[in-house]
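With positions in the sequence shown counted from 1, the corresponding number in the numbering used here is that position plus 58.
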Amino acid sequence: MLILDRCAILTVSGPVQSKHTEEIIMIYLIKGAVETLEYFSLRIADALRAAGEDVILWDMKKPLDSRLRFERLNLGPSDVLITFNFIGLSGESQFSSDESSIWNIAGMHKICILVDHPLYYYARLTEYGSDLTLYLIDREHVDFVKRYYPKYTDIHFLPLAGNVPYDKAIPLKNRSYDLVFTGSYIGRPTLSRYEKALLPEVVTLYNDMIDALRNTPSLTLTSVMEDALDEVIPEASPLQKLACMYQMMYVDLSIRGLFRHEIVKKACESGKKTIIIGGGWEESDIADMPNVTFLGLSDSATCLRYTMDSRLSLNMLPWFKDGAHDRMFTSMLAKTGLISDMSSYTTKVFPTGLVYEYTLENTDAITDLVTDALSDLDELEHRTHEAFEYAMNNHRWEHRAMKILERIKQWEKD
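Right, here's the structure in full:
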């Protein structure tokens, strides 16, 4: 889950004025933690401001200034925090006061968007109060939270969205690269270090789960974890299962790394001029391919720029079986051809023919898929224009911000 701040931050000259009417809603977002999530937050802020809402960004790199501004605003129950992955809700000192968070003390509504499987947020979801509105990027994740965390009653599906380019699209024939992939790689050397901390029987269990996912890629991570736990500790309570599943993120990282390496390698074997942006690839055998350029870790603006300068963009869903990834929509908005696997959600909502599709069951087909797509630039251009129009009308961060704003406006009525 990547762009630099090009959004004008709400600046204050002179003393900040307190709210003067109950009708004014102040919406807070947070920047300065994770670059990708900061970019998403900035795009949501842009959209909310364009809709006439009052938005302030808390800058975690300037905690004293941000805290002073917050305290001057006299915020209350009508105001809202929108954050990602429990940033600002995890006990960070700059958001704390008297053993509680400043958001809780003010009585603000809190919206948290989780961009990974909920198993990664076991502690936060378990410990946090029920007065939290959750947005999850996969419908299967929504079902997981509803089943294992019934205390949360305000839960919604919100797919990720695309990053709109700031510049005009480059004609396909003039682009520098045939193929781009933006994403990091966690390989065996890294995972082996994690394995050393595990008991041998646990490693065996985890490898059996990885094999199950490898052999049947249509399975969800949740179903494989639950089946394994039902077999080894059938008496486990839901809470005990949650604690065990939290330890199973190794399985998630392993299966995603395995398929990501395989898919990217198959695409690169086409021999087409490729650029890969992301860390960890130096651990892979792709590093020696002469047609591939590696940029290493970078920010969202760089990822977008190279996506705009490539004819095709390769995507693999991070085991999202009923959701989407922002790479898909960013590629469409850059008028770059999209090669991707599909989920139940994307199969349902995407018009036919927008995506050059492959399946995890047949990754060998990817090499020819890349070659064939690049062999007919007229067809590729047709697809990219259709995909651009579709994404512009349905999958920008403005669309996601308006869905969140609908929920905020509903609170006004309640």
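Note that the Cβ used here is the ideal one computed from N, Cα and C, for glycine as well. Since the structure is predicted, the reported quantities are computational estimates derived from the model, not experimental observations.
Legend entry - Own chain residues within Cβ distance below 8 Å of R318, not counting five before or after: Taking C-beta separations shorter than 8 Å and ignoring five residues to either side along the sequence, the partners of R318 in its chain run G241, Y243 and M374, following chain order.
Legend entry - Cβ neighbour criterion (16 or more within 10 Å) applied to V350: Looking at its Cβ environment, which holds 16 or more other Cβ atoms inside 10 Å, V350 is buried.
Legend entry - Spatially closest choice to R465 from E437, V113 and L192, by CA coordinates: The shortest C-alpha to C-alpha distance from R465 to any of E437, V113 and L192 is the one to L192.
Legend entry - Three-way DSSP call (helix, strand, coil) for F408 in this model: In the three-state reduction of the DSSP assignment, F408 falls in the coil class.
Inset, instruction - Would you kindly work out how many angstroms separate the C-alpha atoms of E293 and F202, rounded to a whole number? - result: Their Cα atoms are separated by approximately 19 Å.
Legend entry - Range covered by the beta strand (DSSP E) that runs through E415: Residues V413 to E415.
Inset, instruction - Report buried or exposed for G187, applying the criterion of at least 16 other Cβ atoms within 10 angstroms of its Cβ. - result: Exposed, since its Cβ has fewer than 16 Cβ neighbours within 10 Å.
Legend entry - Cβ-based burial, I82 [other Cβ within 10 Å; buried from 16]: Looking at its Cβ environment, which holds fewer than 16 other Cβ atoms inside 10 Å, I82 is exposed.
Legend entry - Proximity test, E111 beta-carbon vs the ligand NAD heavy atom, cut-off 6 Å: No copy of the ligand NAD occurs in the structure displayed, which carries no ligand at all.
Inset, instruction - Would you be able to state if there are at least three C-beta pairs under 8 Å between the stretch 140-150 and the stretch 94-108? - result: Taking 8 Å as the limit for Cβ pairs, the verdict is that the stretch 140-150 does touch the stretch 94-108.
Inset, instruction - Tell me where the beta strand (DSSP E) around R369 begins and ends. - result: Residues S368 to L372.
Legend entry - Whole-angstrom distance between I163 and A392, CA atom to CA atom: Looking at the backbone, the Cα of A392 and that of I163 are separated by about 43 Å.
Inset, instruction - Counting only runs of 4+ residues fully inside the stretch 342-367, write out the alpha helix (DSSP H) ranges in chain order. - result: With a minimum length of 4 residues, the continuous alpha helix (DSSP H) runs that stay inside the stretch 342-367 are 358-366.
Inset, instruction - Compute the distance between the beta-carbons of D236 and K330, then report whether it is under 7 Å. - result: Yes, these two residues count as a Cβ contact at 7 Å.
Legend entry - Cβ neighbours of G337 in the same chain (closer than 7 Å, five flanking residues each side left out): For G337, where only same-chain residues beyond five positions count, the Cβ hits under 7 Å are S242, G354 and L355.
Inset, instruction - Return the CA-CA distance between G245 and G315, expressed in angstroms with no decimal places. - result: G245 and G315: Cα-Cα distance of roughly 6 Å.
Inset, instruction - Would you list the one or two residues that DSSP bridges to V113? - result: The partner list for V113 (beta bridge, DSSP) reads I85.
Inset, instruction - Can you tell me which of the three DSSP states G315 falls into? - result: The answer is helix: DSSP assigns G315 an H, G or I state.
Legend entry - Reference K461; option with closest CA among P176, A359, D430 and L194: By alpha-carbon distance to K461, the top candidate from P176, A359, D430 and L194 is L194.
Legend entry - DSSP-derived helix/strand/coil call for L192: Secondary structure of L192 (DSSP, three-state): strand.
Inset, instruction - Look at the alpha carbon of D399 and the alpha carbon of A445, and state the distance between them as a whole number of angstroms. - result: Between the alpha carbons of D399 and A445 lies a gap of roughly 16 Å.
Legend entry - Per-residue burial, R233 [other beta carbons within 10 Å of its own, 16 or more giving buried]: Around the beta carbon of R233, 16 or more other beta carbons lie within 10 angstroms, which makes this residue buried.
Inset, instruction - Assign K168 to one of three DSSP states: helix, strand, or coil. - result: Here K168 sits in strand by DSSP.
Inset, instruction - Pull up the distance between the alpha-carbon of S13 and that of G381, whole angstroms please. - result: Residue coverage of the chain in this structure runs from 59 to 472, which leaves residue 13 outside it and unanswerable.
Inset, instruction - Within the same chain, show all residues whose beta-carbon is closer than 6 Å to that of K168, passing over the 5 residues directly before and after it, in chain order. - result: Counting only residues of its own chain and dropping the five nearest sequence neighbours on each side, K168 has a CB closer than 6 Å to the CB of L139, W161 and L190.
Inset, instruction - With DSSP as the reference, please indicate the residues paired to S159 in a beta bridge. - result: Its beta-bridge partners are S154.
Inset, instruction - Could you pull out every residue in the same chain whose Cβ sits closer than 7 Å to the Cβ of E198, ignoring the five residues on either side in sequence? - result: Closer than 7 Å at Cβ, skipping near neighbours: T278, T280, K379 and D380.
Inset, instruction - Sort S312, M303 and P275 by Cα distance to P247 and report the nearest one. - result: Among S312, M303 and P275, the Cα nearest to that of P247 is on S312.
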